[in-house]
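Asks: In terms of this note's numbering, the sequence shown opens at residue 7 and continues consecutively. Every residue, glycine too, gets a C-beta built ideally from N, C-alpha and C. From a predicted model like this one, the values you see are computed outputs, not experimental measurements. Right, I'll just put the structure down here and ask away after.
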Amino acid sequence: MENTATTEIIDVTVIEPRLKHPTIFDRFDNLKGGESLIIHNDHDPKPVYYQLLGERGNIFKWQYLEQGPEIWEVLITKLNLEAGETVGELVAKDFRKAQVFKKYGIDFCCGGKKSIKQVCEEKGIDSSKVEQELNALPDTATGNETDYASWEPSFLADYIVNVHHKYVREAIPALYEYTAKIARVHGSRHPELLEIAKHFTNVANELEAHMPKEERILFPFIKQLYEAKKNGVKLDAPAFGSIQNPINMMEMEHEIAGNDMEAIRTLSNDFTLPADACATYTVAFKKLQEFEDDLHRHIHLENNILFPKALEMEKEVIK
Ligand SMILES: [Fe+2]
Ligand SMILES: [Fe+2]
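Right, dumping it as structure tokens:
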């Protein structure tokens with residue numbers, strides 16, 4: 007919630023008519039991201055809304071504090087688009103944003119530590135277009151998306167294991183078979199299928215080695231940190247030193263798995279089926295896409311939510 011106590015109130019009723027809008031615009035332009043102003047008026051200032059939207063774009067929030075009949079007050083907040091909030095943080099707050107990033111091929115899990123501006127610059131995308139789409143998502147907090155960021159870290163760790171690790175383990179054997187089969191049957195006409203099968207074997211091997219490390223070492227330690235924090239107990243530093251060390255290792259492994267999945271996406275031309283695709287071909291691509299989706303969410307929950315929480319807890323809890 008914005009701090010309205012220090013917010014400037016512009017009484018529009020006492021401003022000379024021809025200066026009303028320019029004054030509001032001038033004050034708005036001087037706001038930094040996240041700052042607000044209030045306009046006080048004797049009628050609905052909706053025309054200001056449209057003018058602001060048209061001339062400055064979708065970079066503000068418009069909230070009525072009073073809606074007549076005598077007094078109208080609107081809190082206008084400039085959105086915090088330049089504060090360098092990272093793509094990962096944005097998705098952690100509202101997972102629906104992942105759809106927009108996906109559409110533009112922006113990596114929100116492994117590469118989630120960059121701001122929108124940075125990633126757009128790197129990819130040669132118009133960042134204002136992406137920001138506009140992000141802001142166009144209906145203002146209903148997180149919609150139907152689960153608010154993972156509010157979960158207790160221990161619960162989140164269990165959830166990741168029970169949902170995502172379980173999914174990966176169940177999906178691997180079938181995908182292994184499908185990718186091998188389509189490479190064998192269609193590889194001569196579609197040589198990229200041989201490459202896809204290789205990349206999938208890599209991902210499968212990487213994840214099968216990666217997940218037990220989380221399950222046996224990192225996640226149990228995160229749960230210990232959480233218990234200690236809850237009970238106000240201080241812990242000795244663990245054998246691996248700072249938790250930053252295993253986290254760096256896990257993030258590096260995420261990156262490698264993510265790169266293999268990205269290669270599969272590129273090789274398959276975004277999972278586009280050729281005209282001669284058989285049923286197995288179709289199922290393989292559908293499953294690969296589902297696997298990629300799940301992996302993105304899985305890595306996002308770890309890199310952008312669980313690991314930052316663990317690092318915070320470590321600061322409080324380790325002697
Ligand atoms: Fe994991
Ligand atoms: Fe992981």
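Where in the stretch 11–43 do unbroken runs of the alpha helix (DSSP H), each at least 4 residues long, occur, reported from the N-terminal end onward?
Replies: Whole alpha helix (DSSP H) segments, 4+ residues: 23–36.
Asks: Is the CB-CB distance between residue 306 and residue 97 below 9 Å?
Replies: In contact: residue 306 and residue 97 (Cβ atoms closer than 9 Å).
Asks: Could you please go through the chain and list the residues whose beta-carbon is closer than 6 Å to any non-hydrogen atom of ligand 2?
Replies: Here the residues come out as 216, 220, 256, 260 and 308.
Asks: Any heavy atom of ligand 3 closer than 8 Å to the CB of residue 304?
Replies: With respect to ligand 3, the structure shown offers nothing to examine, as its ligands consist of ligand 1 and ligand 2.
Asks: If you scan the stretch 188–228 from start to end, which runs of the alpha helix (DSSP H) of 4 or more residues do you find wholly inside it?
Replies: Within the stretch 188–228, the complete alpha helix (DSSP H) runs of at least 4 residues are 198–219.
Asks: Alpha carbon to alpha carbon, how far is residue 241 from residue 314?
Replies: One C-alpha to the other measures close to 19 Å.
Asks: Taking the beta strand (DSSP E) that residue 80 belongs to, which residues open and close that run?
Replies: 78–84 is the span of the beta strand (DSSP E), which, as asked, contains residue 80.
Asks: With three or more beta-carbon pairs closer than 8 Å as the criterion, would you say the stretch 189–199 touches the stretch 158–178?
Replies: These segments do not touch.
Asks: Look at the alpha carbon of residue 7 and the alpha carbon of residue 200, and state the distance between them as a whole number of angstroms.
Replies: For residue 7, the predicted structure reports a pLDDT of 45, less than 50, and the residue's modelled location is therefore unreliable. The matter cannot be settled from this model.
Asks: Within the continuous beta strand (DSSP E) that includes residue 154, where are the two ends?
Replies: Segment: none, residue 154 is in no beta strand (DSSP E) and carries neither H nor E.
Asks: For residue 29, I'd like the list of residues in its chain whose CB is within less than 6 Å of its CB, leaving aside the five on either flank, ordered along the chain.
Replies: These residues qualify, in order along the chain: 21.
Asks: Please report the residue range of the beta strand (DSSP E) in which residue 101 lies.
Replies: No beta strand (DSSP E) contains residue 101, which DSSP labels as neither H nor E.
Asks: Give me the residue from 236, 246, 163 and 275 with the minimum Cα distance to residue 198.
Replies: The option with the nearest alpha carbon to residue 198 is 275.
Asks: Between residue 227 and residue 244, which are expected to be in contact by the criterion C-beta below 8 Å, what is the C-beta distance as a whole number of angstroms?
Replies: Going by Cβ atoms, the distance from residue 227 to residue 244 rounds to 6 Å, so yes, they are a contact pair.
Asks: So for residue 240, helix, strand or coil by DSSP?
Replies: In the structure shown, residue 240 sits in coil (DSSP, three-state: anything other than H, G, I, E or B).
Asks: With a threshold of 16 other CB atoms inside 10 Å of the CB of residue 318, please say whether the residue is buried or exposed.
Replies: Label assigned to residue 318: exposed.
Asks: Spell out a yes or no on whether the stretch 109–128 and the stretch 294–311 are touching, meaning 3 or more CB-CB pairs, one atom from each, closer than 8 Å.
Replies: Short answer: they touch.
Asks: Could you tell me if residue 15 is buried or exposed, where buried requires 16 or more neighbouring beta carbons within 10 angstroms of its beta carbon?
Replies: Label assigned to residue 15: exposed.
Asks: Could you give the DSSP three-state label for residue 232: helix, strand or coil?
Replies: In the structure shown, residue 232 sits in a helix (DSSP, three-state: H, G or I).
Asks: Is it buried or exposed for residue 42, if we count other Cβ within 10 angstroms and need 16 for buried?
Replies: Residue 42 is buried by the Cβ-count criterion.
Asks: Going straight from the alpha carbon of residue 107 to that of residue 24, what length do you get?
Replies: Each residue's Cα considered, the two are about 42 Å apart.
Asks: Could you spell out where the alpha helix (DSSP H) holding residue 162 opens and where it closes?
Replies: Unbroken alpha helix (DSSP H) run through residue 162: 159–165.
Asks: With 16 other CB atoms within 10 Å as the buried threshold, where does residue 264 fall?
Replies: Burial call: buried.
Asks: Please report how far the alpha carbon of residue 73 lies from the alpha carbon of residue 44, in whole angstroms.
Replies: Cα to Cα, the separation comes out at about 13 Å.
Asks: Please go through the same chain and pick out, in chain order, the residues whose beta-carbon is closer than 7 Å to the beta-carbon of residue 257, but skip the five residues on each side of it.
Replies: 309, listed in sequence order.
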